[in-house]
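Protein chains in written order, with the working numbering: chain H, 3 to 204; chain X, 3 to 204; chain E, 3 to 204. Heads up: the structure comes next, in structure tokens.
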Amino acid sequence: MELVSVFRVIDLLGVLCNAIIGGSIARTLKFDPVGFAVLAIMSALAGGMLRDILLAAGPPVALIDPAYLITALAGAAFVFVLHVEGRPWRWALAAMDAVCLGAWAATGTVKALGLGHGPLTAIMLGLITAVGGGMLRDIAIGRVPAIFGGNTLYATAALLASLAVLATPAELRPTVGMIIATVVGAAITLLARWRRWQLPQP
Amino acid sequence: MELVSVFRVIDLLGVLCNAIIGGSIARTLKFDPVGFAVLAIMSALAGGMLRDILLAAGPPVALIDPAYLITALAGAAFVFVLHVEGRPWRWALAAMDAVCLGAWAATGTVKALGLGHGPLTAIMLGLITAVGGGMLRDIAIGRVPAIFGGNTLYATAALLASLAVLATPAELRPTVGMIIATVVGAAITLLARWRRWQLPQP
Amino acid sequence: MELVSVFRVIDLLGVLCNAIIGGSIARTLKFDPVGFAVLAIMSALAGGMLRDILLAAGPPVALIDPAYLITALAGAAFVFVLHVEGRPWRWALAAMDAVCLGAWAATGTVKALGLGHGPLTAIMLGLITAVGGGMLRDIAIGRVPAIFGGNTLYATAALLASLAVLATPAELRPTVGMIIATVVGAAITLLARWRRWQLPQP
């Protein structure tokens, strides 16, 4: 399997995983199928859409490539039909989510660098790709976004994943950089969740 | 009158109607004229603006063509000055709203297909055009968007209107397709409202 | 110093000031550093980003020019580290905010006119530049945006600043127009704050 395909698979795994998270929230809020679909799409695709809108390089890939919408809707349908619960399930979801957090941060950073933007812009877009969808979903359901405080280093993990990409030599970024970023992002997210690490408050 | 003009009239009727709905909500929340204007513009124009942003085909038509902003502001001013109420008024508004729901879903779908996008993308953009503005308005005032659940098949009607456009042969889409979609969307919206149909919850 | 530089300085002062306002809100909500950064960026940069997205003329300048992000993050860091309070501080912040409100409204209007858009579109974009960021920040933290009502002519001051630009002869707009608009916007904002002027409610 080519490397490009590997990242597409990771990317779509992230979409599936975040769609399931969005659908699970829709379930606790007793939404109907439309609510499931919208929350799944927001959680899974809105971060990448916002990145593509800001990069102004054509319509968002999540809207053009049908695999993204189909995967997000499949995740929503899965949670709508099956009512999975319990600790092992939640840990599996958290692990998948942690893996794709770093991968998404890396995708955003690599894409911005590839379009000729500077490092600060690239970090911003990595962060938006990784945490923008969850933030917009939280706002849509009237919750203060989890990343604003009291959570477990979610944005910090994305930031470090993005920095890992920048620290990688340019020619290795879309390969080695992506892998390192994914590992870094996943490790920090899971460690922080396990040890209940939090950022200091003022 | 040319057909293009007919759709522009339906489109602007939809803008007026949704601006009035937005203004009515601003009235119940005791907003000032700025709040009336913003809620009217969100209800009436934000769906189409979001569609045009996502399609990345130039600035949103609702921002460029002054008729849209003027119509939306006229709707806001109308509700600000006159305090219309009562069952007949609410039904007239609901009927107009139902008509333009299907028309907007069709507009979004036709526009996306015209730019060469696939059917799934086109359906998404039809839905965003039809229900995106109301969703953003609800979020802006801290309400959980009505389309997420407990409402009456609003997004479903838009979905079927969009599918009706896709089912129409390509060369008839901007004419016959638009008409069928508008009728389908309006019929389902009004039937659902009358019979209190809802989608099942998980 | 060239005039272009003068406006860049005013623009960045506005970014700093609004970042400090965003950070101060993050402090009252007990957010962590991520929350401080996001609220500062939203308050300071989201209005201009929304303007640039709607104008569809390339990626938002606030994302490309590192000075904007750095200034916004500096404002957030300042409030995170130092806990400044008291009447003189609040008045200094209000004065700076008032100055940049008019300047931002003028920037948005001038930019839209420069891209060939009509006066109504230009006014809309002036308003979005001036008050869009604060509105999005309020929505993100679950507050009804202050500009919707009960506040003190904030959007009205931006509207008059924008109209002042339009009333200026075209060749003087980027210079004299900007100055008049800034003065008009600041004067009305501060007068309204001092005299507690409000718009009428229906």
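Note that beta-carbon positions come from the ideal geometry of N, C-alpha and C, so glycine has one too. A quick note: this is a predicted structure, and the numbers were derived from the prediction, not measured.
Cβ separation of residue i and residue j, assumed to be a contact under 8 Å, to the nearest whole Å
i	j	result
residue 188 of chain H	residue 104 of chain H	5 Å
residue 110 of chain H	residue 131 of chain H	3 Å
residue 180 of chain E	residue 108 of chain E	5 Å
residue 42 of chain H	residue 84 of chain H	Wrong, their Cβ atoms sit about 14 Å apart, outside the cutoff.
residue 46 of chain E	residue 141 of chain H	Not quite, the Cβ-Cβ distance comes to about 18 Å (not below 8 Å), so this is no contact.
residue 48 of chain X	residue 134 of chain X	6 Å
residue 15 of chain H	residue 98 of chain H	6 Å
residue 127 of chain X	residue 114 of chain X	4 Å
For residue i, the three-state DSSP class (helix, strand or coil)
i	result
residue 21 of chain X	helix
residue 99 of chain X	helix
residue 67 of chain H	coil
residue 38 of chain X	helix
residue 171 of chain X	coil
residue 82 of chain H	helix
residue 9 of chain X	helix
residue 124 of chain E	helix
residue 204 of chain E	coil
residue 151 of chain E	coil
residue 166 of chain E	helix
residue 32 of chain X	coil
residue 176 of chain H	helix
residue 117 of chain E	coil
residue 58 of chain X	coil
C-alpha gap between residue i and residue j, whole angstroms
i	j	result
residue 52 of chain X	residue 93 of chain H	36 Å
residue 3 of chain E	residue 178 of chain E	A caution first: residue 3 of chain E carries a pLDDT of 49, below 50, which makes its placement in the model too unreliable to give a value.
residue 87 of chain E	residue 149 of chain X	43 Å
residue 196 of chain X	residue 174 of chain E	59 Å
residue 182 of chain X	residue 166 of chain X	7 Å
residue 159 of chain E	residue 190 of chain E	6 Å
residue 73 of chain H	residue 184 of chain X	30 Å
residue 62 of chain H	residue 199 of chain X	34 Å
residue 58 of chain E	residue 55 of chain H	9 Å
residue 33 of chain E	residue 164 of chain X	43 Å
residue 81 of chain E	residue 154 of chain H	22 Å
residue 146 of chain X	residue 7 of chain E	44 Å
residue 102 of chain E	residue 91 of chain X	44 Å
residue 152 of chain X	residue 29 of chain H	13 Å
residue 71 of chain H	residue 24 of chain X	30 Å
residue 162 of chain H	residue 186 of chain H	7 Å
residue 202 of chain E	residue 21 of chain X	20 Å
residue 37 of chain E	residue 19 of chain H	25 Å
residue 60 of chain X	residue 116 of chain E	16 Å
residue 68 of chain E	residue 10 of chain X	42 Å
residue 89 of chain E	residue 144 of chain X	31 Å
residue 35 of chain H	residue 17 of chain X	27 Å
residue 204 of chain E	residue 31 of chain H	35 Å
residue 66 of chain H	residue 66 of chain X	25 Å
Residue span of the alpha helix (DSSP H) that contains residue i, given as start and end
i	result
residue 143 of chain X	First-last for residue 143 of chain X: undefined, no H or E at that position.
residue 88 of chain H	Looking at the DSSP string, residue 88 of chain H is not in any alpha helix (DSSP H), and its letter there is neither H nor E.
residue 188 of chain H	180-197
CB contact check: residue i to chain A, cutoff 7 Å
i	result
residue 154 of chain E	Within the model displayed, chain A is absent; protein chains H, X and E are what it includes.
7 Å CB neighbourhood of residue i in its chain, flanking five on each side removed
i	result
residue 39 of chain X	75, 78
residue 26 of chain X	81
residue 129 of chain E	107, 157, 160, 161, 164
residue 176 of chain X	112
residue 172 of chain X	none
residue 170 of chain E	178, 179, 182
Nonlocal neighbours in the same chain, by C-beta distance under 6 Å from residue i, ignoring five residues either side
i	result
residue 12 of chain X	105
residue 50 of chain E	64, 131
residue 121 of chain H	168
Same chain only: Cβ atoms within 8 Å of residue i, ignoring 5 sequence neighbours per side
i	result
residue 125 of chain H	111, 161, 164, 165, 168
residue 139 of chain H	24, 27, 41, 44, 45, 48
residue 192 of chain H	96, 97, 100
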